[in-house]
Every structure is written in C-alpha cells, then in structure tokens.
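Under the numbering used here, think of the first position of the sequence shown as -8, with each following residue one higher. Ideal Cβ positions, reconstructed from N, Cα and C, are used throughout, including at glycine. To keep things clear, I will list the structure first and then write my remarks on it.
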Amino acid sequence: MRHKKLIGLAAGLLLVVGGLSGCNSNKQSQGSQDNGSKVSKSSKTDMQNSSSDQSSSSATSQAQSSSNSEQSSSTAQSSSSSSQTPATSSRIGTLTDQLQQKLGNVKLPTDDGLSSQDAHLNIRYSGNQNDYTIYYSVGNQALDLNASAVKNETPYATFQKKTYSSTSQAASAIDYSQASTNKGLPKVKLSSQITGYENAGGGQRYISWNEGHWSIAVHGSVVNNTTPKKTAIHAVSLFDQYMLPAPQKYGAIEFNVHGANDHTRDQTISWQDGQSVYTLKGADIDTAVQMAASVK
C-alpha cells in the first residue's frame, strides 16, 4: 500500500511539472509572436515615414521646379517684351502720328522701307484729308514734320491719295490691264504658280501677269541693256512675302529695271479703295512693296 501511494504521489508531481512547463512554453510562444508583431509594425511605420519623407521631398522638388519654371517663363516674357519696340516709338511712328493729327484719320505707310534703322527719316506733306501727298526722304539729321529744310532733300518715296467723285471714276483712274491682253504671248515661268507673258517691241521689253485684282508689268530696255525677267521673278517673291492692300476693283503695279546709277522714283503701286486711289512711288522695288504693304 505504501508503495502504491508513493507511485501516485510521483505521478501527480510529474503532472504539475508538465503543466507548469506547458504554461511557460505558451507564454514564450506568445511573447515571441508579440515581439514579431512589434518588429513588423515598427518596420511598416519606418517605411511609411520614409515614403512620407520622399513624398515631401518630391513635392518640395516639384514646387521648386515649378517656381524655377515660372521664373524662367517670366524672364523669357520680360526679355521678349523688352526686345519688341512699339511702332509709335519709332521715327516713322512718331511722324505718322503727327501727320494724322494734321490730316485726320487717314491711311498712311507704317513702315519707312529703309534698311538702316539709324537713318534720319524726314517727312513733309501737302494737301488735305481727301487729297494729299507725303514725301519721304533721308537727311543728315532728323527734322520736324514739314520743316522748310526737308524740301531740299530728294524723296526716295512718295505716297498719294486722290479722291474722285465716284467709285467708277476712281476705278477708271487705275492703269489696269486685263489678263486677256496677254493671250498668245510667249510664256515665262516666274515661280511654281505664276506664269508671266513676254512682250517686246520698239526697243522695249515687258513681262506682264495678273494676280487677283492686280495687274503687274515689269519693264526693261534694249537700249539700256536691262532685261525684266530677273526683276519679275524677284517681284513675285516679294508679293509672297508682303501682303499688299486688297483693291476694291483694280490695282496696278508698274516696275522698271534700272541701271546701276538710275534712282528714278518710278516703281509704282496704285490701288482703288472706294472713291479714292492710293499711289506709292519709290526708287527701289523692295522699298515700294514694303511701304505699300504697311499702309493702314
């Protein structure tokens, strides 16, 4: 009996020890899981902080980039604005403003057609709002509008307005040539789209063509050994570059091929606008076209 009791007591002790061991094992396991959870949460938080820092850094970088871009854009606009000079601040602009104060709201060239911006442009005029002539010249110094000394300067261009009693009378005043007058004449290719017609006789040479409401004629001379083809081709390129005023019904252009020392003011561009005819004459074809295209 005593032996059986000792065996039972020993078995009971073993059960108690095993239970205690199991409890400690569960606690260690739970502790290990808790520690793992804490490490995981800590790592995720660090990544979020890192991501937030990167996002903040990116946002700051974008803001700085945007600011720099706006500053660059502002600088570019400022530079662009400073490089553009208003027409009214130029010599031609100033004199044109004064002319309109004298004549009223009339049409005038806004480009002097001069290649040098340092040239001393001078202007004198005669007439009134309905009929006037403007003389453009270059002198040794800039003079006041209609200054008496300007009369001593040779004009390189003139611009005239003449008003007629009717629209039909004004249209009749234009030396316009119908396209049909060129029928049967030898063709001359002036560009990929423009064909001129050559006419010669009495020592004179002409190339003529029509564009829209304009008739164009370029004149050369056998005596002066001047041929019109090269000038006609150049004229076509000028018309592509500069847009001339649109005639209401008729417009006529008459160019002459000059010798090296010939500065005759006979490059003529005329067009009808209602009861008025506007005529610009220049010694140089480029200048005449440039000035006529700027009339407004």
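Whole-angstrom C-beta distance between residue j and residue i, which should lie under 8 Å
| i | j | result |
| --- | --- | --- |
| Val257 | Lys272 | Val is not the amino acid found at residue 257; the sequence shown has Asp there. Confirmed, about 7 Å. |
| Tyr123 | Leu86 | So it is not a contact: roughly 14 Å between Cβ atoms. |
| Asn113 | Val129 | 7 Å |
| Val214 | Pro100 | Incorrect: roughly 33 Å between the Cβ atoms, too far for contact. |
Separation of residue j from residue i, as counted between CA atoms
| i | j | result |
| --- | --- | --- |
| Phe246 | Leu181 | 15 Å |
| His210 | Ile83 | 31 Å |
| Thr158 | Asn131 | 42 Å |
| Gly194 | Tyr147 | 28 Å |
| Trp262 | Ala140 | 31 Å |
| Ile185 | Ser156 | 36 Å |
| Ala170 | Gln239 | 17 Å |
| Ala237 | His204 | 8 Å |
| Thr278 | Gly104 | 5 Å |
| Ser74 | Ser106 | Legend: pLDDT at Ser74 = 34, less than 50; position of this residue unreliable, no value from coordinates given. |
| Asp249 | Thr259 | Per the sequence presented here, residue 249 reads as His, with Asp not at that position. About 13 Å. |
| Ser228 | Thr270 | 21 Å |
| Gln92 | Asn119 | 11 Å |
| Leu176 | Ser183 | 19 Å |
| Asp102 | Lys174 | 37 Å |
| Met282 | Thr255 | 17 Å |
| Gln115 | Ser81 | First, the residue type needs correcting, since residue 115 is Arg and not Gln in the sequence shown. So the alpha carbons of these two residues sit roughly 17 Å apart. |
| Ala191 | Ala138 | 45 Å |
| Tyr241 | Asp264 | 9 Å |
| Ser117 | Phe230 | 30 Å |
| Gly198 | His111 | Gly is not the amino acid found at residue 198; the sequence shown has Ile there. Going from the Cα of Ile198 to the Cα of His111 covers about 36 Å. |
Sub-8 Å separation of residue i and residue j beta-carbons
| i | j | result |
| --- | --- | --- |
| Asn201 | Thr154 | no |
| Ala243 | Ser206 | yes |
| Leu136 | Gln89 | yes |
| Arg196 | Thr222 | no |
| Val280 | Lys220 | no |
| Thr149 | Tyr126 | yes |
| Ala284 | Leu235 | yes |
| Ile276 | Ala226 | yes |
| Ser268 | Ile165 | Going by the sequence as given, residue 268 is Val instead of Ser. Against a cut-off of 8 Å, the Cβ pair of Ile165 and Val268 comes out as a contact. |
Residue range of the alpha helix (DSSP H) that includes residue i
| i | result |
| --- | --- |
| Leu136 | Per DSSP, Leu136 belongs to no alpha helix (DSSP H) and is neither H nor E. |
| Asp231 | Lys220 to Gln232 |
| Gly84 | Arg82 to Leu94 |
| Leu140 | Here the sequence assigns Ala to residue 140, which means Leu is not the residue at that position. Segment: none, Ala140 is in no alpha helix (DSSP H) and carries neither H nor E. |
| Ala279 | Ile276 to Ala284 |
Proximity test, residue i beta-carbon vs the ligand SAM heavy atom, cut-off 7 Å
| i | result |
| --- | --- |
| Leu271 | The ligand SAM is not among the ligands present in this structure, which contains no ligands whatsoever. |
Where the beta strand (DSSP E) through residue i begins and ends
| i | result |
| --- | --- |
| Val268 | Ser267 to Gly273 |
| Thr149 | Ala148 to Thr154 |
| Leu112 | His111 to Gly118 |
| Gln258 | Gln258 to Asp264 |
| Asn300 | Within the shown structure, residues of the chain are numbered from -8 to 287, placing residue 300 beyond reach of any answer. |
Can you list, in chain order, the stretches of the beta strand (DSSP E) that have 3 or more residues and sit fully within the stretch 162 to 209?
-> 178 to 180, 186 to 192 and 195 to 202
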